[in-house]
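Right, one structure below, let's go through it.
Protein chains: 2
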Amino acid sequence: MALEHAILVSLLEKPGSGYELARRFERSIGYFWTATHQQIYRVLKRMAADGWVDVLDVAQQGRPDKKEYSVSPAGRSALAGWLHEPIEPESVRHEIAVKIRGAAFDEPAGLIAEVERHRRMHEDQLAHYLAGQARDFPPGTGEGPPGAAPDPGRELQHAVLRGGIAYERMMTAWLDDVLDTLRRLGPGG
Amino acid sequence: MALEHAILVSLLEKPGSGYELARRFERSIGYFWTATHQQIYRVLKRMAADGWVDVLDVAQQGRPDKKEYSVSPAGRSALAGWLHEPIEPESVRHEIAVKIRGAAFDEPAGLIAEVERHRRMHEDQLAHYLAGQARDFPPGTGEGPPGAAPDPGRELQHAVLRGGIAYERMMTAWLDDVLDTLRRLGPGG
DNA sequence: TGATCCATGTAAGGAGTTACATGATTAA
DNA sequence: TTAATCATGTAACTCCTTACATGGATCA
Numbered sequence: 001m002a003l004e005h006a007i008l009v010s011l012l013e014k015p016g017s018g019y020e021l022a023r024r025f026e027r028s029i030g031y032f033w034t035a036t037h038q039q040i041y042r043v044l045k046r047m048a049a050d051g052w053v054d055v056l057d058v059a060q061q062g063r064p065d066k067k068e069y070s071v072s073p074a075g076r077s078a079l080a081g082w083l084h085e086p087i088e089p090e091s092v093r094h095e096i097a098v099k100i101r102g103a104a105f106d107e108p109a110g111l112i113a114e115v116e117r118h119r120r121m122h123e124d125q126l127a128h129y130l131a132g133q134a135r136d137f138p139p140g141t142g143e144g145p146p147g148a149a150p151d152p153g154r155e156l157q158h159a160v161l162r163g164g165i166a167y168e169r170m171m172t173a174w175l176d177d178v179l180d181t182l183r184r185l186g187p188g189g
Numbered sequence: 001m002a003l004e005h006a007i008l009v010s011l012l013e014k015p016g017s018g019y020e021l022a023r024r025f026e027r028s029i030g031y032f033w034t035a036t037h038q039q040i041y042r043v044l045k046r047m048a049a050d051g052w053v054d055v056l057d058v059a060q061q062g063r064p065d066k067k068e069y070s071v072s073p074a075g076r077s078a079l080a081g082w083l084h085e086p087i088e089p090e091s092v093r094h095e096i097a098v099k100i101r102g103a104a105f106d107e108p109a110g111l112i113a114e115v116e117r118h119r120r121m122h123e124d125q126l127a128h129y130l131a132g133q134a135r136d137f138p139p140g141t142g143e144g145p146p147g148a149a150p151d152p153g154r155e156l157q158h159a160v161l162r163g164g165i166a167y168e169r170m171m172t173a174w175l176d177d178v179l180d181t182l183r184r185l186g187p188g189g
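Structure below.
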């Protein structure tokens with residue numbers, strides 16, 4: 001299970017509440033790991049019981065109180081231990097590919113609208129990542145301004161973001177390819 | 001749930017036993033959906049109870065008897081119904097990306113060997129897909145020999161395989177990029 | 001007045017993984 | 001004789017999703 005570890009990484013980057021973690025999982029963490037608030041609260045509770053995180057009750061004015069979580073030394077060494085274990089590449093799951101192969105037994109052209117919709121979603125996601133990159137990693141900063149020491153955290157965050165960008169580019173290009181194929185098969189199926 | 005639907009598609013392409021389905025999920029279906037034999041047997045039982053598949057006991061000599069499953073008319077219409085429902089793109093889960101961001105809090109260079117290993121696995125998978133493509137879709141066949149009617153099933157299978165190829169190409173290129181970044185950060189972290 | 005944000009959770013159920021179990025045949 | 005292939009399953013457990021639940025503050 002990597003959700004614990006994803007939470008540890010996020011809390012090391014910046015401590016926060018379960019709610020804040022859920023938002024980060026929607027945004028920056030979302031391009032390599034997803035989790036809902038229900039999952040996050042459950043896992044945070046377990047992590048607190050295991051002593052991996054420390055909890056601080058924070059009273060707020062004008063909004064509900066929150067619990068701020070931060071990584072404990074035990075959590076840090078749990079993460080270090082996990083980093084040294086080999087992992088296997090994830091198994092891919094693309095429901096859309098099941099549909100594409102299934103379309104052979106239905107009306108192939110009937111899938112065009114759905115594939116176009118997916119293509120648009122991936123294109124939007126790509127635009128969103130590119131905007132984030134332009135905002136957080138403008139060209140000329142970070143990667144090697146001559147003489148300056150690189151910030152490993154920043155560089156690695158950018159490397160992961162480039163992975164998200166490459167993924168969305170690949171998906172839009174592949175879905176274009178699929179659309180060509182579906183259209184070539186013609187409206188008569 | 002798409003496992004049922006992935007099984008329906010596979011059984012429509014060719015009827016077979018649970019064991020055979022498990023092997024297909026390891027091979028050709030594996031590049032867009034994975035399932036173990038335990039899962040497959042459980043789901044096949046449910047699908048048989050729901051009348052989505054027909055079962056035929058086949059006695060064999062020299063090997064254990066098997067149950068051959070094929071899609072019933074009810075299964076076919078269940079698939080058709082599902083094909084017309086919109087689906088959401090899958091959430092991505094890359095444990096390796098969690099590790100890459102986590103490396104900022106450990107020794108970044110310590111991750112190089114693990115990333116190289118993943119890169120090799122993706123490269124091997126790519127070679128495997130390319131070999132399958134060369135075998136099953138040699139250039140000059142399929143996509144448009146002038147005058148011949150295209151086989152939708154075949155063309156769609158190829159389109160999905162091209163997605164697997166594009167995915168592995170993207171992953172190897174991205175992991176090269178990550179390796180550059182890790183090496184640039186230097187052995188001193 | 002209604003929607004969205006902040007903030008936390010419970011409960012139920014479905015999906016997926018890991019371990020265990022059996023047993024014949026065939027190739028190294 | 002050891003391992004792999006064929007063939008089917010159960011049991012326990014973990015993980016993930018969906019629905020439900022609360023309640024104040026802020027903005028349109």
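Chains A and B supply the protein sequences, listed in that same order. If you count the first sequence from 1, position 144 lands on 144 in the UniProt record's numbering, and the numbers rise without skipping. If you count the second sequence from 1, position 130 lands on 130 in the UniProt record's numbering, and the numbers rise without skipping. No residue lacks a Cβ here, since even glycine has one placed at the ideal position from N, Cα and C. None of the values given here were measured: they were computed from a predicted structure.
- The beta carbon of A/Lys99 falls within 8 Å of a beta carbon belonging to chain B, placing the residue at that interface.
- At least 8 Å separates the beta-carbon of B/Val160 from that of B/Phe25.
- C-alpha of B/Leu44 to C-alpha of B/Asp57: approximately 14 Å in a straight line.
- Judged by DSSP secondary structure, B/Leu11 falls within the alpha helix (DSSP H) whose first and last residues are 3-13.
- At a cut-off of 8 Å between beta carbons, B/Val92 contacts chain A.
- Between the segment 100-119 of chain B and the segment 151-166 of chain A, the count of Cβ pairs shorter than 8 Å is three or higher; the stretches touch.
- For A/Tyr69, the uninterrupted beta strand (DSSP E) run begins and ends at 66-71, by DSSP.
- The beta-bridge partner set that DSSP reports for B/Gly16 consists of B/Tyr69.
- Across the segment 26-37 of chain A, CB contacts with chain B closer than 7 Å involve Tyr31, Phe32, Trp33, Thr34, in sequence order along the chain.
- Interface flag for B/Thr181 against chain A is set, since a Cβ pair is found closer than 8 Å.
- For A/Glu116, the closest Cβ of chain B is not nearer than 8 Å.
- The beta carbon of A/Arg169 sits closer than 8 Å to those of Leu126, all from its chain and outside the five residues before and after it, given in chain order.
- In this structure, DSSP gives A/Asp57 an extended state, which the three-state scheme calls strand.
- Spatial neighbours of A/Leu79 in its own chain (CB-CB distance under 8 Å, excluding positions within 5 residues in sequence) are listed in chain order as His5, Leu8, Val9, Leu12, Val71.
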